[in-house]
Amino acid sequence: ATGDLEAARMALARLKRAESDSLPRLLDRALEICSRALHVGRVGVWLLDASIPGLRCIHLYDTEDPAARPGEVLLEADLGAYAASIAERTYIASRDVRSNPQTVDLVAHYFAAHDIVSTLDVPFYRDGAVAGVICHEHRGAARDWTAAEAAFAQCVAEIVAHALTAEDLIAALEALQQYERLQQESLRERALTRVARGIAHDLGNTLQSIALQTECLRAVADDPESVREAAARILDLGRHAKAVLQGMRDYAAGDHTQLEPVVIDDALDGAHSTLRALAGEDRAVTLTPGAPGAVVQVSPTGFTRALANLVVNAREATEPGGVIAVSTSCDGDAVYVAVQDDGRGMDEATRQRVFEPFFSTHSDDPQRGFGLAIVAAGGRAAGRGGAGGRAPGKGGRLGAGAPRG
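The opening position of the sequence shown corresponds to residue 1 in this note's numbering, with each subsequent residue numbered one higher.
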């Protein structure tokens, strides 16, 4: 009856909203509703499969054989006139599959094996092309199909088509999310590698300087004052190494963006002993404070770390007896910290790459090439100006600027 079909159509509409998150469950209920509304014993969803080629049953409801499972295949070569009819018509309403020219070719290959006498088959579309067919199959006496039943079957086909499209979208979204997860994991691994190499670089410099100061201790063992000075420098280097490790712990804990107001000249003076130790006994480190009272929002550990890397870089670019000059200056609201040495300088090609991680003019050692990259990264992380450099024919200078706080 028309009223029964309308009630079934409403049930399908509610089903679409309530169970669209599970395609198998939606199809189970949809085919059961169709079977009861049209009084047919078997309803199947078939998809066109170019790999066969032909039709493959992907979902099935059978009242006489509840154990029936999808998966049956109908080859294109066996479909005969049925294939063209599905592509050309809005539906196939066959009273008797054995006498209907549109379905007779399938009697031997399919209908006879399942005792199907009459069928109402409706194609469904995706991207403007036939993607499959919903088959409502009747057992028993031959049966005529009404226009209302055909309209209902077409409604079912549209619901199934929408459900399959939604499933494809969900699958595509899940694939995209999985790809994004893999990309994030890859980025995290690369970031961890860079952090590990950065730590190794900083601590390697510090340990090298400690070793140099220890050699100095041995050389001046008979001079108590020199021993005390060398021991003090070793203590400063140890504090610097501890601060680097604490900075990494803070970074891992998410505290790496916390800045403090720092009197820049005082911070420079406090770092002098560590910088002298990092430069070694055969290089001089001079301080020229030129920003009296200037306060800048920085990470104290990060500031010392940047200076340490600049001084180590200058040490490697100078000869014994060289001078490394550290100075501050003001220009309006900006405060500048500069590290300058009297070494051999850089050519233009080197200057263009000086802040790249892993780039070094010294060797292929993977622990090298991080000092200036760490300085540049620290400036970007703080969001306080940038870093720049120039390379005169003799000597070199690198500096960073930040607004006053």
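Note that beta-carbon positions come from the ideal geometry of N, C-alpha and C, so glycine has one too. Computed from a prediction, not measured in an experiment: that's the story for all the values here.
Check: CB-CB length for Y61 against S94, believed under 8 Å; Outcome: At roughly 19 Å, the Cβ-Cβ gap does not stay under 8 Å, so Y61 and S94 are not in contact.
Check: Integer Cβ distance of T206 from L268, believed to fall under 8 Å; Outcome: No, T206 and L268 are not in contact; Cβ-Cβ is about 19 Å, not under 8 Å.
Check: Where the beta strand (DSSP E) containing R56 begins and where it ends; Outcome: 54-62
Check: Where S99 falls, given that 16 or more other Cβ within 10 Å makes a residue buried; Outcome: exposed
Check: Outcome for I52 when other beta-carbon atoms lying within 10 angstroms are tallied against a minimum of 16; Outcome: exposed
Check: N- and C-terminal bounds of the alpha helix (DSSP H) containing Y408; Outcome: Since the displayed the chain opens at 1 and closes at 405, residue 408 lies outside it and no answer follows.
Check: Terminal residues of the beta strand (DSSP E) in which S327 lies; Outcome: 323-331
Check: Backbone CA spacing between Y336 and I324 [nearest angstrom]; Outcome: 16 Å
Check: Sheet register partners of G44 (DSSP bridge); Outcome: L60, C135
Check: T301, buried or exposed, once every other Cβ within 10 Å from all chains shown has been counted against 16; Outcome: buried
Check: Nearest to D78 (by Cα), restricted to the options A37, E229, A108; Outcome: A108
Check: Distance CB(V295)-CB(V339) smaller than 9 Å; Outcome: no
Check: Proximal residues to I33 (C-beta, below 8 Å), its chain only, five neighbours per side dropped; Outcome: A8, A11, L12, L15
Check: Top-ranked residue by Cα proximity to T63, from R143, G44, G238; Outcome: G44
Check: Residues that DSSP places opposite I92 in a beta bridge; Outcome: D121
Check: Buried versus exposed, by CB contacts within 10 Å (16 or more), R190; Outcome: exposed
Check: Continuous alpha helix (DSSP H) stretch holding T304: start and end; Outcome: 300-317
Check: Proximity test, V43 beta-carbon vs the ligand NAP heavy atom, cut-off 8 Å; Outcome: Ligands are entirely absent from the displayed structure, and the ligand NAP is therefore not among its contents.
Check: Test item: CB-CB of R423 and G280 under 9 Å; Outcome: There is simply no residue 423 to check, as the chain begins at 1 and stops at 405 in what is shown.
Check: Residue environment, H59, which counts as buried when at least 16 other CB atoms sit within 10 Å; Outcome: buried
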